[in-house]
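Peer 1: Okay, here's the structure, questions in a sec.
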Amino acid sequence: MRQYLFKRFLQSLLAVLGAVTIVFFIIRISGDPARLMLPPEASEEQVQNLRESLGLNDPLYMQYLHYLADLVRGDFGKSLYFKDSALELVLERMPATLELALWAIAIAVVAGVLAGIISTYKRNSLADYLINAGIFVAQSLPVFWVGIVLILIFAVELKWFPTSGNVGWKSIVLPAVALAFYPIAPIARTLRSSLIDVMNQSYMLTSRAQGFSLMKSIWKRGLKNAFLPVITVISMEFGVMIAGAVVTEAVFSWPGVGQLIVQAVNNRDFPLVQACVLVVSVLYILLNFVTDMIYLWLDPRIKVK
Amino acid sequence: MKKTRMRWHFAAWLLIIALAVTGCTTQSANKGSNEPAVSQNPSASQNPSGSNAGASGNDRLEIVIARAFDIQGLDPGFLTENAQVVDNIFDTLVKRDTDMNLVPGLATSWQAIDELTWEFKLREGVKFTNGEDFNAHAVKYSLDRVLNPDNNAPTRSYVSTVSEVKVIDDYTVHVITKKPDPLIPVRFNRYPTQIVPPKYVEEVGQEYFAQHPIGTGPYKFVEWNKGSSVVLEANEEYWGGSPTVKKVTFRSIPEASTRVAALLNGEVDIITAVPPEFRDRIATSGTARLSEVVRAGNTVYVGLKTDREPFNNKLVRQALNHAIDVKAIVEQVLQGAAVETDSLIGPKDFGYAGEYDRYEYNPEKAKQLLAEAGYPNGFSATLDTVNWYIKNLDVAQVIAQQLKAIGVNITVNNVESTVYRTKVPSGEQAEMYMLGWSSTNTLDADAAIYSVLHSSDPYSTYSNPEVDAMLDEARSTTDEARRKELYKKIQEIVLEEAPRIFLYQENQYYGVSQKLDWEGRIDTAIPVFTMKAK
Amino acid sequence: MATENIGNPQRKLDVRDNLKGIISGVLLAFILIVTLFAPFFAPHDPMEQHLYDILIEPFSHFSDGSGYSLLGTDQLGRDILSRLLYGGRLSLLMSVAAVLLAGALGSVIGMIAGYYGGKTDAVLMRLADIQLSIPNMLLAIVMVAVLGSGLANIIIVLAVTGWVDFARVVRSQVLSLREREFVEAARAMGVPGLKIMWRHIAPNMVFTILTQASLQMSRMILLAAALGFLGLGVDVSTPTWGGMINDGRSYIDSAWWLSTIPGLVIALVILVINLFADWLRDKSEI
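Residue numbers (our numbering), protein chains in the order written: chain A, 23 to 327; chain B, 14 to 547; chain C, 18 to 303.
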C-alpha cells in the first residue's frame, strides 16, 4: 500500500515535470524566448542581457536545468503587462476560480445525484427517458453559449442577477450554473450505473430478502460502494472544470485565472502565460492524485496493479 | 485493525494537502484582497432602492466608474494611455473649468515674461498627501524627470519644447523654451506635467511609485486590483476643498454589454465608451441617462504608407477616398455615434478650418482614378485595425468590402492592443492602418495634427517638406492670426494630397446614474471632484 | 418479485438503439451535405454587406430587393443563414481534418505501443501521460498564442489535443487482439510485425476507431468554437460559429438571435454527433 502511494506520488511529480517541459519547449519553439519575455519596445541591448541571464547561449540541457532551478525557487518571471511577479498574480486570482469551480461542482453534484437517483428508481419510465435526454443535451451545449443565454434570460430580461464581475453573492450564481451543465451528465450516469450494479449484488438481495426496503438497503450496505465511482468522477470533473472555467470567466468577466490567461495570451505576456499554465497544471495533477487517494481510502480492497 | 490505520493515514494526507493548497492561495489572496468593487457601507444599506453603489442621502457618497480598460500604471510622468484616473490623484499647474477655459490649478497665475520664458506663480500652503510640501522645487523635479532622455518617458514629446525649468523662489518657477511656444499653459494642463512629490519618488523609485502614487490631488490612492479595479478615497485636506464624493472605484469591464448592464443594474454609477447600440437603452431607462459629447473623441482615419507602392501615387490615394461611403458607415454601422469629416482638426480646437466635403462617395470615379494611376485591375493590401475605436472591426470590414468593389482586395488584421501600441510608432504596421488622433485636452490644432503629419514623427507616414515647415512655424509663433492661417493652409494641402482615407470623428458617450450630477467633457477628463449627488 | 427489469436486451436494442442510429445518421448526413455544399445552399453571399438592412429580424425582406433573409442579418447586414452554412463548412472541414490527423497519428502510435509492448509501449504512453498533465483547453490556448491563429495552425492545435485518446483506445484493443490465434499463427509463420498490424489487427479495429473519431469530432467542433469565441480562432472576416457567437454578444438585448442561433446550431450538431457516436459504441460492445 505504501508502495502504491509512493509510486503514485512519483507519477504525479513526473507529470508536473512533464507539464513544465512542455511549456519550456513551446516557448522556445516560437523563436527567441528573450524577445518574448521582454516588452516589445525593449532595446537590443536589453534583449542580449536577458539572453545571457537566461543562459540562452548555453546548450539546451543546461538551459533546461536553469529553468527548473528558477521554477523551484518560485521565480516565474515578471508579467510584462502588470509588472508584478507572475506567480503572485496567478495565486491572487486562484481563489476566485476555485470558488467558481467549487460552486459549479456543488450544483452539478446535487443535480447529478438527483438525476441519477430518480432515473435509477424510475428506470425505463418516461421520467428516466426525459432525464437521460436532458443530461445528454446539457452535455452538448457549449458552455459559453449557455452562459450567454443565462445572461440574456436572468440578467438582461429578468434582472435577477448581475451580468458580470464579482460583486456580492449574486454574481457567482449564473457563472456557476453555466459551468455546472457539463459535468451533470457523467455524474448522473455513473451514479445510475453503479447504483444498478449495487442493487444486483448478492448482499443486496440478502438484505431485501430480510425485509428491508430498496432505499434502506441501498443506504445501509450499498451506498458507499455505489458512491465510490461517483466520487472519482466528481474529482475528475472538478479538475477539468478548473481549466474549462477559462471560457466561463470570459463570458462573465469573472476575475479568475481563466480570464487572466486569456488576457495574458492577448497581451503576448509570456511569463504570465507560463505561470498560469504551470499553476493550473499542478493543481490539475494534484487533483488527480487526490482522486486516486480518495478512491483508495474508501475501498482498500481494490487490488493494486 | 490495519485497514483502519491505513485509512487514517490517507485522511491525514488529504488534510495536509488540502490545508497546504488553501494556505498558499489565501495567503496571496490577502495581499491583493478580492474585495468587491462596491463598498458594503452600513449607511448605504439604508437606501431603499437596494442599489449599493451611489448616493446614500447625505451620508458618504461613494461611486463606481466603469471603463473599458484597466490602467497600466499611475505615474503621470510615464503614462502610456490617458490620464483619466491619474488626474484625480495629482494636480497640474493649470486646470480647465466646465467651459474648457484655462483656470488656476497649482499655479495661481502665469504669463510670458519674454519670448522664451513663461513665469508661473505657485499656490502656497499646499501639501502632498504624505505631508511633503508642494513648492517650486517639486515642479522642477516633476518636469526634469520627464525631460531627462535617459528616463525614456513615453510622452516626453508633449513637453519637448521646454529646455529648462528654473526655480526662482519657493513659489515661482520659470519655464524656459527652446523656441517661442504659445502652448505652454496648455501643456501644463495635461500629462506628463502633473506634480509629484520629489522626496517620496526618490525614496521608492519610479516602478514602486507607479503602483503606489502620492499627489496633491483631491483623491488618495488606496489600492489597485490588477486587471479589475483601482480604488481612491477623498483627500479631506485638499486645497480646493473637501470632495463631495468620498470614495471612487474605477473598474475595468471590457465587454460593453456587461458594462452597460452594470450601469442599469445600479452596480456602477458612470460608464465610459458606450457603444451606439446601447444609447437608447440607457437614455430610456429610469436609472441612468446618456451624456453625449459631440466630436469629443478621436478623428479616425485609415493611414497610408505613402513611401511605398501603390500609395505613393496621389491618384491611388484619392481613388481610395472616393470608394468609401463614409455616410453609410457613420449612419448605419456607427448609428450616428460619429460625425463624417475630412477635417483633421476638431471644431472646438484652436485652428479649426471648417469642413470641406472634398471626396464624395463615387465608386465609378474611384475605378477611373485607379485606372489612370496604372492599376486598372486594382491591387491587394492589408488593413490593420485595433479595438481602440468604436466598432473598429465592423468599420474595417465595411471598408474592405467597399474597396473590394473597386478591385482592391483587402485582408483585415485585428491587432492586439498592446502590440499595436508599439507597432505603429516603430513603423511596423501594415501599409494601410486604422488610427485615431485628437487634440485631447489641449484643444489646439498642434496636438491634433503635428504627430500624424510631420515627417519626423513616428506616428506619421507622410512626408511633405512644405507642410513640415508650416507645422514647425505654427507651433513656435505666438501670433494667433498667423497660426490660424497656417493651419488652414495645411488642411487644404493635406486634403488634396490625401495621405489618408478621411473617415469621421467619434462622439463620446457616457452613461451616468440619475443620482449623479455630472456631464461628459470635451477634454475627456473625469474629475470626480466636480461630481455631486443630484 | 423481479428486480427492475433490465428488460429483454435483444429486443430493446433493436428498437431503441437502432432508432438512435438512424435518426442521428440521417440528421448528420443532412448537416454534412448542407454545409459542405454551402455555396449551393446558401441563399446569399456570406460576406455581402447590406448596410441599410443591419440587424433585421429573421423572416424579413432586404430593402434593396435582394430577397429574403430567413434568419435575419448581423450588424453589417450580412445574412446569418448563409454565414451559418459557410461557417459550418469551415468548422466541419477543420474538425474532420483535425480528427483525421489525430486519428492517424494516435492510431499508429497506439498500435505500435500495443503490439511491441515493453519499452516502446512505456515510452509512448509516458509521452501521452505527460501531455495529459495539461488540460486540453490550456494547451490549445498556449499553442495558439505561440503559433498564431490561422486555419492550418488551428487544425494542428486541435489534432494535438486529440491524438492521446485515439492512442489509448487503439492500444488497449491491440493488446487484446495480439493474443488471438490468428495473430499468433501469423507470427509463428514469420510474418513481419508491420504486416501483421496492417493485415490482421487494423481491420478489426475499424469500429473502435470510428467510434472514437465521432467522439473526437464533436469535441473538436466545441474546442474550435471556444477558441473562436475567445478570439483565438481563424481570421476575423471568415464566418465561424464561435466567432459569430462572440460578435453577437454586444447585441444581446437588441438582436439576441445573433448569438443564440449559432449556439443552438453548434449544440444541435454536437448532439447529433454524440448520438451517432453513442450508437456506434453500443454496436461495438455487442
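C-beta atoms are modelled at their ideal positions from N, C-alpha and C, and glycine is treated no differently. Given the structure is predicted, the values throughout are model-derived calculations rather than measurements.
Is any non-hydrogen atom of the ligand NAD found closer than 8 Å to the C-beta of Gly-280/C, if you look at the structure I gave you?
Peer 2: Ligands in the displayed structure: none, and consequently the ligand NAD is not present.
Peer 1: Using the rule of at least 16 other Cβ atoms within 10 Å of the residue's Cβ for burial, across every protein chain shown, is Trp-191/A buried or exposed?
Peer 2: What you label residue 191/A is simply residue 169 of the first sequence in a count that begins at 1. Trp-191/A should be labelled exposed.
Peer 1: Among the residues of its own chain, which have a CB less than 6 Å from the CB of Lys-318/B, if the five just before and after it don't count?
Peer 2: Mapped onto the second sequence, residue 318/B falls at position 305. For Lys-318/B, where only same-chain residues beyond five positions count, the Cβ hits under 6 Å are Phe-324, Glu-444 and Thr-474.
Peer 1: Considering only DSSP beta bridges, list what Ser-526/B is partnered with.
Peer 2: For the purposes of this step, residue 526/B is taken as residue 513 along the second sequence, with counting starting at 1. DSSP output for Ser-526/B lists Ala-301/B as bridge partner(s).
Peer 1: Taking DSSP as the reference, what is the three-state secondary structure of Ile-78/B?
Peer 2: As a working mapping, residue 78/B is identified with position 65 in the second sequence. Of the three classes helix, strand and coil, the one that applies to Ile-78/B here is strand, per DSSP.
Peer 1: Express the C-alpha separation of His-467/B and Val-480/B in angstroms, rounding to a whole number.
Peer 2: What you label residue 480/B is simply residue 467 of the second sequence in a count that begins at 1. What you label residue 467/B is simply residue 454 of the second sequence in a count that begins at 1. CA-to-CA, the gap between Val-480/B and His-467/B works out to about 7 Å.
Peer 1: Keeping to the same chain, check which residues put their C-beta closer than 7 Å to that of Leu-163/A; ignore five residues upstream and five downstream.
Peer 2: Locating residue 163/A in the first sequence gives position 141, where the first residue counts as 1. Once the five neighbours on either side are set aside, the close Cβ partners of Leu-163/A are Phe-203.
Peer 1: Relative to chain C, which residues along the region 251-268 of chain A have a C-beta separation below 8 Å, given in chain order?
Peer 2: Gly-261, Val-262, Ile-264, Ala-265, Gly-266 and Val-268
Peer 1: Where DSSP assigns a beta bridge to Ile-284/B, which residues make up the other side?
Peer 2: The count along the second sequence starts at 1 and reaches residue 284/B at position 271. Answer by DSSP bridge pairing, in chain order: Ala-79/B and Gly-524/B.
Peer 1: Could you please give the first and the last residue of the uninterrupted alpha helix (DSSP H) stretch that includes Ser-155/B?
Peer 2: Here residue 155/B refers to the residue found at position 142 of the second sequence. Ser-155/B -> alpha helix (DSSP H) spans 149-160.
Peer 1: List the residues of chain C whose Cβ lies closer than 8 Å to the Cβ of Ala-202/A, in chain order.
Peer 2: Taking the first sequence and counting its residues from 1, one reaches residue 202/A at position 180. Result: empty, since nearest Cβ-Cβ is about 16 Å, beyond 8 Å.
Peer 1: In three-state DSSP terms, what is Thr-111/B?
Peer 2: Taking the second sequence and counting its residues from 1, the one referred to as residue 111/B is at position 98. If DSSP states are grouped into helix, strand and coil, Thr-111/B belongs with coil.
Peer 1: Between Gln-442/B and Gly-99/A, what straight-line distance do the alpha-carbon atoms span, to the nearest angstrom?
Peer 2: Taking the first residue of the second sequence as 1, we reach residue 442/B at position 429. Taking the first residue of the first sequence as 1, we reach residue 99/A at position 77. Those two C-alpha atoms are separated by around 29 Å.
Peer 1: Give me the subset of the region 279-304 of chain B whose CB atoms are less than 9 Å from a CB atom of chain C, sorted by chain position.
Peer 2: From the region 279-304 of chain B, only Pro-288, Glu-290, Phe-291, Asp-293 and Arg-294 have a Cβ closer than 9 Å to chain C.
Peer 1: Suppose the cutoff is 6 Å on Cβ atoms and the five residues either side in sequence are ignored; what does the same chain contact list for Ser-41/B look like?
Peer 2: For this step, residue 41/B is matched to residue 28 along the second sequence. With a pLDDT of only 38 at Ser-41/B, under 50, the local geometry of the prediction cannot be trusted, and the value read off the model is given with reservation. Correct list: empty, nothing qualifies.
Peer 1: Are the CB atoms of Ser-166/C and Thr-424/B nearer to each other than 9 Å?
Peer 2: In the third sequence, the residue the question calls residue 166/C occupies position 149. In the second sequence, the residue the question calls residue 424/B occupies position 411. No. Outside cutoff.
Peer 1: DSSP has Pro-117/B in a bridge; who is on the other side?
Peer 2: One-based indexing of the second sequence puts residue 117/B at position 104. According to DSSP, which records beta bridges pairwise, Pro-117/B is partnered with Val-107/B.
Peer 1: So what does DSSP say about Arg-488/B, is it helix, strand or coil?
Peer 2: If you number the second sequence from 1, residue 488/B lands on position 475. The answer is coil: DSSP assigns Arg-488/B none of H, G, I, E or B.
Peer 1: Could you check if Phe-312/C is buried or exposed, using at least 16 other CB atoms within 10 Å of its CB as the buried criterion?
Peer 2: Because residue 312/C is not part of the residues shown, which for chain C are 18 to 303, the question remains open.
Peer 1: Provide the residue span of the alpha helix (DSSP H) that contains Gln-233/C, from first to last.
Peer 2: Along the third sequence, one-based indexing puts residue 233/C at 216. Looking at the DSSP string, the run of the alpha helix (DSSP H) that includes Gln-233/C is 223-246.
Peer 1: What did DSSP end up calling Leu-347/B once you bin it into helix, strand or coil?
Peer 2: As a working note, residue 347/B is residue 334 in the second sequence. Leu-347/B falls in the coil class under three-state DSSP.
Peer 1: Below 8 Å on the Cβ atoms is my guess for Leu-135/B versus Thr-185/B; work out the distance and round it to an integer in Å.
Peer 2: Position 122 of the second sequence, counted from the start, is the residue given in the question as residue 135/B. Position 172 of the second sequence, counted from the start, is the residue given in the question as residue 185/B. Yes, Leu-135/B and Thr-185/B are in contact; Cβ-Cβ is about 7 Å, under 8 Å.
Peer 1: Within 9 Å of any Cβ in chain C, is that where the Cβ of Lys-404/B sits?
Peer 2: The count along the second sequence starts at 1 and reaches residue 404/B at position 391. Judged by the 9 Å Cβ criterion, Lys-404/B is in contact with chain C.
Peer 1: For Pro-293/A, collect the residues of the same chain with a Cβ closer than 7 Å to its Cβ; drop the 5 residues on either side in sequence, then sort them by chain order.
Peer 2: Mapped onto the first sequence, residue 293/A falls at position 271. Here the set comprises Met-59, Phe-98, Gly-99, Lys-100, Ser-101, Leu-102 and Ala-108.
Peer 1: Hey, is Gln-281/A's beta-carbon within less than 9 Å of any beta-carbon in chain B?
Peer 2: The residue you call residue 281/A lines up with position 259 of the first sequence. So yes, Gln-281/A belongs to the interface.
Peer 1: Go ahead and pull the three-state DSSP assignment for Asp-407/B.
Peer 2: Here the question's residue 407/B lines up with position 394 in the second sequence. Under the three-state reduction of DSSP, Asp-407/B is assigned to helix.
Peer 1: Between the alpha carbons of Thr-490/B and Pro-89/B, how many angstroms are there, rounded?
Peer 2: Position 477 of the second sequence, counting from 1, holds the residue named residue 490/B. Position 76 of the second sequence, counting from 1, holds the residue named residue 89/B. About 28 Å.
Peer 1: Let's see if you can read the secondary structure: which residues bound the beta strand (DSSP E) around Lys-233/B?
Peer 2: One-based indexing of the second sequence puts residue 233/B at position 220. Element bounds for Lys-233/B: 232-238.
Peer 1: If you drop the 5 nearest sequence neighbours on each side, which residues of the same chain put their C-beta closer than 8 Å to that of Val-289/C?
Peer 2: Sequence index remark: in the third sequence, residue 289/C carries index 272 (1-based). Answer for Val-289/C: Ser-41, Leu-44, Leu-45 and Ile-48, listed in chain order.
Peer 1: Could you check the C-alpha separation between Arg-115/A and Ser-452/B for me, to the nearest Å?
Peer 2: For the purposes of this step, residue 115/A is taken as residue 93 along the first sequence, with counting starting at 1. For the purposes of this step, residue 452/B is taken as residue 439 along the second sequence, with counting starting at 1. Arg-115/A and Ser-452/B: Cα-Cα distance of roughly 38 Å.
Peer 1: Could you give the C-beta distance for Gln-331/B and Leu-406/B, rounded to a whole number, given that I count them as a contact under 8 Å?
Peer 2: Within the second sequence, numbered from 1, the residue matching residue 331/B stands at position 318. Within the second sequence, numbered from 1, the residue matching residue 406/B stands at position 393. That belief does not hold up - the Cβ atoms of Gln-331/B and Leu-406/B are roughly 26 Å apart, past 8 Å.
Peer 1: Helix, strand or coil: which one does DSSP assign to Ser-107/A?
Peer 2: The residue labelled residue 107/A in the question sits at position 85 within the first sequence. Note: Ser-107/A maps to strand in three-state DSSP.
Peer 1: Should the region 194-214 of chain B be regarded as contacting the region 135-151 of chain B, the criterion being three or more beta carbon pairs within less than 8 Å?
Peer 2: At 8 Å Cβ cutoff, the stretches touch.
Peer 1: Please decide whether Ala-162/C counts as near chain A, where near means a Cβ-Cβ distance under 9 Å.
Peer 2: Along the third sequence, one-based indexing puts residue 162/C at 145. It does; some Cβ of chain A falls within 9 Å.
Peer 1: Using DSSP's beta-bridge definition, name the partner residues of Met-447/B.
Peer 2: Position 434 of the second sequence, counted from the start, is the residue given in the question as residue 447/B. Under DSSP, Met-447/B shares a beta bridge with Val-315/B.
Peer 1: For the candidate residues Glu-128/B, Phe-201/B, Trp-237/B and Val-180/B, whose alpha-carbon lies nearest to that of Lys-192/B?
Peer 2: As a working note, residue 192/B is residue 179 in the second sequence. Closest by alpha carbon: Glu-128/B.
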